[in-house]
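In our numbering, the protein residues as written are -8 to 173. Where is the CB? At the ideal position from N, CA and C, for every residue including glycine. The model shown is predicted, which means the values in this text are computed figures rather than measured ones.
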């Protein structure tokens, strides 16, 4: 049982970190939601019902361990909080465009960190790939089909206002014309 307790403790620490990140993201969203320009609810993932069921099962396990077995349930409690509370709560964060940045699938990217963008178009939706200027990573934002035109216009306006600029990113998009300097 000591090995199992150790494994559950390590899992609990990992899920505590995930829970803190989701709680931090949600607090940032609550502060930022008044500045929303174009947002939509995140679609539920394919295994959403399974995740909720896992949360219910973990809640029953935590209850049984605490009430009947009188044992600690740190790891199980952190997993319960993730699947039953924080994960569903994170889906209420409005994905899309805010005055100061883009809320992608997994994080918020301020406009001044955007180093490049690319669109991948599908039948019913488009995916915006946002490349970070400061970190070597790209984030995606799935844009519903009915919001696609507005999203493209909003990005074009942000680029036109120089809120998003691509200079110094290594991308030569042909936007610089040396004739303008004369």
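Helix, strand or coil at residue i [DSSP, three-state]
i, result
"residue 68", "helix"
"residue 125", "coil"
"residue 130", "strand"
"residue 25", "helix"
"residue 119", "strand"
"residue -2", "helix"
Extent of the continuous alpha helix (DSSP H) run through residue i
i, result
"residue 81", "78 to 81"
Residue span of the beta strand (DSSP E) that contains residue i, given as start and end
i, result
"residue 106", "105 to 112"
"residue 86", "86 to 89"
"residue 99", "99 to 101"
"residue 50", "From DSSP, residue 50 is part of no beta strand (DSSP E) but of the alpha helix (DSSP H) over 39 to 58."
"residue 92", "92 to 94"
Classification of residue i by the beta-carbon crowding that lies within 10 angstroms, buried from 16 upward
i, result
"residue 58", "exposed"
"residue 130", "buried"
"residue -3", "exposed"
"residue 55", "exposed"
"residue 86", "buried"
Beta-carbon gap between residue i and residue j smaller than 8 Å
i, j, result
"residue 108", "residue 146", "yes"
"residue 125", "residue 142", "no"
"residue 21", "residue 99", "no"
"residue 73", "residue 10", "yes"
"residue 102", "residue 30", "no"
Residue-chain proximity (residue i, chain B), Cβ-Cβ < 8 Å
i, result
"residue 54", "This model lacks chain B altogether; it includes just one protein chain."
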